[in-house]
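Below is one structure, written out as structure tokens; the observations come after it.
Residue numbers (my numbering), protein chains in the order written: chain C, 448 to 719; chain X, 416 to 693; chain H, 242 to 491.
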């Protein structure tokens with residue numbers, strides 16, 4: 448009797464599994480068709496196959512990048528320093544601008560939750576939603592060509608991530624230290640300074656260093672829209688069809704990023 | 416009643432907040448960073464005095480030139496088509512990139528890589544280069560080789576997503592419990608089998624979250640790659656920026672912000688659902 | 242003349258929630274080492290936290306040195322709290338700060354906001370901190386970070402921090418629950434000695450009845466927020482203990 452019942456449930460299970468299996472297959476096929484359709488539209492229809500020509504010409508065109516323009520190297524030092532500085536100043540300005548956003552955006556310390564909390568969360572999303580190129584375009588239009596536009600663009604782009612992680616760190620603090628400071632008669636400022644700050648400072652510094660590393664990568668391309676640094680050199684090499692020069696600039700960017708990674712590795716070790 | 420009565424200590428060791436030499440090194444490092452930053456301001460010719468009045472100026476500029484946004488300009492079939500193109504570019508790039516990064520996550524994770532001498536450093540190097548080179552640079556290079564169109568956009572986003580997700584995947588794989596993997600190897604499973612049955616089940620949920628996040632980042636980039644000729648909305652942006660049609664630029668920017676915002680909210684929701692599945 | 246008088250105290254966490262404390266009255270004298278015992282969930286921690294209003298009571302009176310604690314403004318409450326030392330079950334130290342800064346933070350109620358922002362404590366506070374650290378036997382750890390210490394050492398830092406406040410009352414919230422038995426006894430002995438030296442009354446909530454009878458002179462037995470016993474340690478016997486712990490499921 449019992450085995451009979453077990454058989455039935457096993458049969459039912461198998462039946463149910465075959466239904467889900469069919470359904471899953473249908474979903475997979477639909478997704479596959481969708482991808483195929485997208486590939487047809489974006490890749491097959493939209494590409495100028497005539498211009499690309501044969502595989503050989505693609506290889507030939509790509510091959511032009513496989514060289515270095517050593518004569519360019521001395522001219523790269525100054526833009527590289529500029530790129531690094533834009534990244535540093537942009538990150539610093541971003542952190543400064545972050546402070547009120549963090550304060551408003553952490554649910555447990557925000558001054559007036561129904562208004563300040565959603566406003567801060569909106570600002571964080573806005574900052575991250577807009578690509579650095581768009582921010583740079585905006586600031587180039589507003590303050591003119593040059594490094595300042597780059598610094599501002601980097602700062603605005605950095606706010607979102609730093610503020611989000613820091614605000615979440617404040618929301619996740621251990622409340623026991625807060626209770627202790629309150630129990631001994633500390634005021635709100637002292638709670639902030641002695642209970643909250645020591646707990647979140649390593650997180651804030653860590654995320655800032657992380658963002659700084661990314662900002663080097665970002666500031667290296669801002670020159671493409673007129674905000675100074677290596678991007679400008681890249682743009683010029685591209686416009687004069689000096690492909691070995693392009694590769695040289697890319698390598699310079701890689702070196703800069705590697706440098707940033709090494710520096711951030713050591714600074715993070717020093718802090719935590 | 417406040418002074419300890421029984422234990423009067425006469426020879427207390429001196430205590431100072433300033434410690435030699437640690438505090439000196441700290442202050443020195445801090446000072447060095449500050450000097451470098453100040454020098455940067457000087458070097459880059461940043462007009463600090465203008466910085467203060469600038470925010471007011473930006474406000475005026477916004478209202479003068481960018482307001483009101485020319486919403487009608489973006490309400491036509493061509494523009495909607497470009498939005499659709501952008502979405503397709505983003506998800507194809509993310510999809511291909513994620514497939515590639517699965518391999519990088521496997522080969523580039525120190526604990527399960529098939530060969531620590533050979534495969535691991537190569538996978539790491541590929542991940543690092545894909546990450547370090549900005550997606551706009553990839554786009555420009557592919558446009559140079561392949562001409563204008565969506566294909567270079569898809570390829571640029573693909574490389575970007577490969578680097579982005581590859582690193583996160585590898586980190587996730589390195590954090591797994593090696594017990595099940597060793598058990599499988601002990602039963603004679605090969606590398607692929609050990610990965611599929613021992614590693615993948617442990618990281619499936621995390622991978623799904625990372626995949627959604629990757630889509631998010633890819634879409635954000637996809638709205639702009641067109642600026643350098645790689646298809647999608649970015650191309651509209653480029654044309655109107657060059658023609659100084661500021662009100663149209665404002666409308667395009669608004670639409671980009673709106674779309675990215677919607678995508679972000681949707682992916683945050685999806686990631687939360689995925690996290691709950693765990 | 243009692244130092245602390247609690248009359249008809251009542252507390253609940255939410256307006257419609259269950260009453261944690263029900264009509265509780267007792268008083269603490271100047272030289273008391275006063276233990277609050279009872280099964281977990283009896284309301285011991287809530288009672289301790291009602292004295293310095295970390296938990297807001299819903300009714301009754303708490304009179305400390307003649308002031309009605311429950312009627313104080315937020316400024317008045319902060320002034321009062323700086324004279325109530327509190328020692329916690331999980332030490333409640335700031336892990337990333339040094340032992341010195343943790344101990345100095347006991348002076349926060351006395352130091353102005355600006356000074357405390359930059360950790361500019363007066364020399365006298367630093368001397369006091371060194372003396373107290375010497376007293377609790379932690380002088381060599383003064384520059385260590387709090388999270389580098391063992392449990393017993395951390396609780397000593399907690400005691401030192403409370404003493405920095407020049408307390409007129411010490412509140413102990415399960416000070417030994419996170420410690421092993423041997424260290425627990427050491428910590429209780431230290432608190433008792435110090436309470437004698439500084440002549441501070443102690444109100445201590447403690448789960449371990451043996452420690453309570455060993456170190457305390459008066460015992461309040463709580464069960465489900467109600468007073469089951471109130472008297473000197475000598476008058477406590479096994480039968481009364483069984484009554485207090487009757488509801489505890491082991």
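Every residue, glycine too, gets a C-beta built ideally from N, C-alpha and C. Predicted model, so just to flag it, every value in this text is computed and none were measured.
#### Entry: Continuous alpha helix (DSSP H) stretch holding residue 263 of chain H: start and end
For the purposes of this step, residue 263 of chain H is identified with residue 22 of the third chain, where counting begins at 1. Going by DSSP, residue 263 of chain H is part of no alpha helix (DSSP H) but of the beta strand (DSSP E) stretching over 260-269.
### Task
Inspect the CB distances between the stretch 460-480 of chain H and the stretch 268-278 of chain H and report whether three or more fall short of 8 angstroms.
Two segments are said to touch when three or more pairs of C-beta atoms, one from each, lie closer than 8 angstroms; by this definition the stretch 460-480 of chain H touches the stretch 268-278 of chain H.
### Task
Closer than 8 angstroms, Cβ to Cβ, to anything on chain H: give me those residues from the stretch 664-694 of chain C, in chain order.
Answer set for the stretch 664-694 of chain C: empty.
### Task
Would you list the residues sitting across from residue 339 of chain H in a DSSP beta bridge?
Within the third chain, the letter at position 98 stands for residue 339 of chain H. Residue pairing by DSSP places residue 339 of chain H opposite H:386 in a beta bridge.
### Query
In this structure, does DSSP put residue 274 of chain H in helix, strand or coil?
Reading the third chain from its first residue, position 33 is the one you call residue 274 of chain H. Strand, per DSSP.
### Query
On the premise that residue 669 of chain C lies in contact with residue 583 of chain C, defined as a C-beta separation below 8 angstroms, what is that separation, rounded to the nearest angstrom?
Taking the first residue of the first chain as 1, we reach residue 583 of chain C at position 136. Taking the first residue of the first chain as 1, we reach residue 669 of chain C at position 222. Residue 583 of chain C to residue 669 of chain C, Cβ: 5 angstroms. Contact.
### Query
Closest by CA to residue 391 of chain H, which one among H:414, H:255, H:467 and H:336?
What you label residue 391 of chain H is simply residue 150 of the third chain in a count that begins at 1. Closest in C-alpha terms to residue 391 of chain H, from the list H:414, H:255, H:467 and H:336, comes H:336.
### Query
Mind checking residue 608 of chain C: buried by the 16 CB within 10 Å criterion, or exposed?
The residue you call residue 608 of chain C lines up with position 161 of the first chain. So residue 608 of chain C ends up on the buried side.
### Task
Give the DSSP-derived three-state secondary structure of residue 606 of chain X in the structure shown.
As a position in the second chain, residue 606 of chain X is number 191, starting the count at 1. DSSP places residue 606 of chain X in helix when its eight states are reduced to three.
### Query
Looking only at its own chain, which residues have a Cβ that is under 7 angstroms from the Cβ of residue 293 of chain H, when we skip the five neighbours before and after it?
Along the third chain, one-based indexing puts residue 293 of chain H at 52. Excluding sequence neighbours, residue 293 of chain H sits near 322, 325, 327 and 412.
#### Entry: Endpoints, the alpha helix (DSSP H) within which residue 406 of chain H is located
Numbered from 1 along the third chain, position 165 holds the residue referred to as residue 406 of chain H. Counting along the chain, residue 406 of chain H falls outside any alpha helix (DSSP H), and DSSP gives it neither H nor E.
### Query
What residues from chain X crowd round residue 543 of chain C, counting only those whose CB sits closer than 8 angstroms?
What you label residue 543 of chain C is simply residue 96 of the first chain in a count that begins at 1. For residue 543 of chain C, no chain X residue has a Cβ inside 8 angstroms of its Cβ, as the nearest lies near 11 angstroms away.
### Message
Against chain X, with Cβ distances strictly below 8 angstroms, would residue 352 of chain H count as a contact?
### Response
By 1-based counting over the third chain, the position of residue 352 of chain H is 111. Closer than 8 angstroms to the CB of residue 352 of chain H there is not a single CB belonging to chain X.
### Query
Between the Cα of residue 514 of chain X and the Cα atoms of X:573, X:546 and X:534, which residue gives the shortest distance?
As a first step, residue 514 of chain X is located in the second chain; it is residue number 99 there, counting from the start. Checked all of X:573, X:546 and X:534; the closest Cα to residue 514 of chain X is X:573.
### Query
Between the C-alpha atoms of residue 260 of chain H and residue 254 of chain H, what's the straight-line distance to the nearest angstrom?
By one-based count along the third chain, residue 260 of chain H stands at place 19. By one-based count along the third chain, residue 254 of chain H stands at place 13. Rounded to the nearest angstrom, the two C-alpha atoms are 8 angstroms apart.
### Query
Listed in chain order, which residues of the stretch 492-524 of chain C have Cβ atoms closer than 8 angstroms to some Cβ of chain X?
Within the stretch 492-524 of chain C, the residues whose Cβ lies closer than 8 angstroms to some Cβ of chain X are 493, 494, 495, 498, 499, 505, 508, 509 and 512, listed in chain order.
### Query
Is there contact between the stretch 645-659 of chain X and the stretch 596-603 of chain X, where contact requires at least three CB pairs shorter than 8 angstroms?
The stretch 645-659 of chain X, when compared against the stretch 596-603 of chain X, does not touch it at the 8 angstroms Cβ threshold.
### Message
My parser needs the alpha helix (DSSP H) runs of 4 or more residues fully inside the stretch 556-635 of chain C; what are they?
### Response
For the stretch 556-635 of chain C, the full-length alpha helix (DSSP H) segments reaching 4 residues or more read 560-576, 579-590, 594-618 and 622-630 along the chain.
### Task
Output yes or no for whether 8 angstroms exceeds the beta carbon distance between residue 296 of chain H and residue 250 of chain H.
Sequence index remark: in the third chain, residue 296 of chain H carries index 55 (1-based). Sequence index remark: in the third chain, residue 250 of chain H carries index 9 (1-based). Against a cut-off of 8 angstroms, the Cβ pair of residue 250 of chain H and residue 296 of chain H comes out as no contact.
### Query
How about residue 561 of chain C: is its C-beta nearer than 8 angstroms to some C-beta of chain H?
As a working note, residue 561 of chain C is residue 114 in the first chain. For residue 561 of chain C, no Cβ of chain H is located within less than 8 angstroms of the residue's own Cβ.
### Message
Just to confirm my understanding: we take residue 696 of chain C, look at its own chain, exclude 5 residues before and 5 after, and list those with CB closer than 8 angstroms. What are they?
### Response
For the purposes of this step, residue 696 of chain C is taken as residue 249 along the first chain, with counting starting at 1. Cβ neighbours of residue 696 of chain C within its own chain (closer than 8 angstroms, five residues either side excluded): 519, 523, 677, 680, 681 and 684.
### Task
Pull up the distance between the alpha-carbon of residue 417 of chain X and that of residue 383 of chain H, whole angstroms please.
In the second chain, counting from the first residue as 1, residue 417 of chain X sits at position 2. In the third chain, counting from the first residue as 1, residue 383 of chain H sits at position 142. Because residue 417 of chain X carries a pLDDT of 44, less than 50, the predicted location of this residue cannot be relied on, and no value is offered for it.
### Residues, ordered as in the chain, of the stretch 619-641 of chain C that lie near chain H by beta-carbon distance below 7 angstroms
Within the stretch 619-641 of chain C, the residues whose Cβ lies closer than 7 angstroms to some Cβ of chain H are 623, 624, 626, 627, 628, 629, 630, 631, 632, 633, 634, 636, 637, 640 and 641, listed in chain order.
### Message
Considering Cα atoms alone, identify which of H:456, H:486 and H:397 is closest to residue 470 of chain H.
### Response
For the purposes of this step, residue 470 of chain H is identified with residue 229 of the third chain, where counting begins at 1. The shortest Cα separation from residue 470 of chain H among H:456, H:486 and H:397 belongs to H:486.
#### Entry: Start and end residues, beta strand (DSSP E) containing residue 490 of chain X
Sequence index remark: in the second chain, residue 490 of chain X carries index 75 (1-based). No residue range can be given for residue 490 of chain X, since it is assigned to no beta strand (DSSP E) and is classified by DSSP as neither H nor E.
### Query
Is any beta-carbon of chain H found at less than 8 angstroms from that of residue 547 of chain C?
Position 100 of the first chain, counting from 1, holds the residue named residue 547 of chain C. Contacts with chain H at 8 angstroms (Cβ-Cβ) do not include residue 547 of chain C.
### Task
Quick one: list the residues of chain X neighbouring residue 757 of chain C, beta-carbon separation under 7 angstroms, in chain order.
Outside the displayed span of chain C (448 to 719) sits residue 757 of chain C, for which this structure offers no information.
### Task
State the start and end residues of the unbroken alpha helix (DSSP H) segment that holds residue 691 of chain X.
Your numbering for residue 691 of chain X matches position 276 in the second chain. It spans 661-692 - the alpha helix (DSSP H) in which residue 691 of chain X sits, taken as one unbroken run.
### Task
Using a cut-off of 9 angstroms between C-beta atoms, extract the partners of residue 589 of chain C located in chain X.
Working through the first chain from its first residue, we reach residue 589 of chain C at position 142. By Cβ distance, chain X contributes 469, 472, 473, 476 and 477.
### Query
So which residues on chain X does residue 482 of chain C lean against when the C-beta distance must stay under 8 angstroms?
Residue numbering aside, residue 482 of chain C sits at position 35 when the first chain is read from its first letter. Close partners of residue 482 of chain C in chain X (Cβ separation under 8 angstroms): 507 and 510.
### Task
Find the nearest neighbour of residue 631 of chain X within the set C:485, C:577 and C:483, judged by alpha-carbon distance.
For the purposes of this step, residue 631 of chain X is identified with residue 216 of the second chain, where counting begins at 1. Answer by Cα proximity: C:577.
### Message
Could you pull the DSSP bridge partners for residue 446 of chain H from this structure?
### Response
By one-based count along the third chain, residue 446 of chain H stands at place 205. Under DSSP, the beta-bridge partners assigned to residue 446 of chain H are H:277 and H:414.
### Query
CB residue 556 of chain X to CB residue 512 of chain C, shorter than 8 angstroms?
The residue given as residue 556 of chain X occupies position 141 in the second chain. The residue given as residue 512 of chain C occupies position 65 in the first chain. Closer than 8 angstroms, so yes.
### Message
Using only the alpha-carbon positions, how far apart do residue 659 of chain C and residue 611 of chain X sit?
### Response
Against the first chain, residue 659 of chain C aligns to sequence position 212. Against the second chain, residue 611 of chain X aligns to sequence position 196. CA-to-CA, the gap between residue 659 of chain C and residue 611 of chain X works out to about 36 angstroms.
### Task
Would you list, in sequence order, the uninterrupted alpha helix (DSSP H) runs of no fewer than 4 residues that lie entirely inside the stretch 618-662 of chain X?
DSSP runs (the alpha helix (DSSP H)) wholly in the stretch 618-662 of chain X: 648-657.
### Task
Please report the residue range of the alpha helix (DSSP H) in which residue 597 of chain X lies.
Taking the second chain and counting its residues from 1, the one referred to as residue 597 of chain X is at position 182. Residues 594-601.
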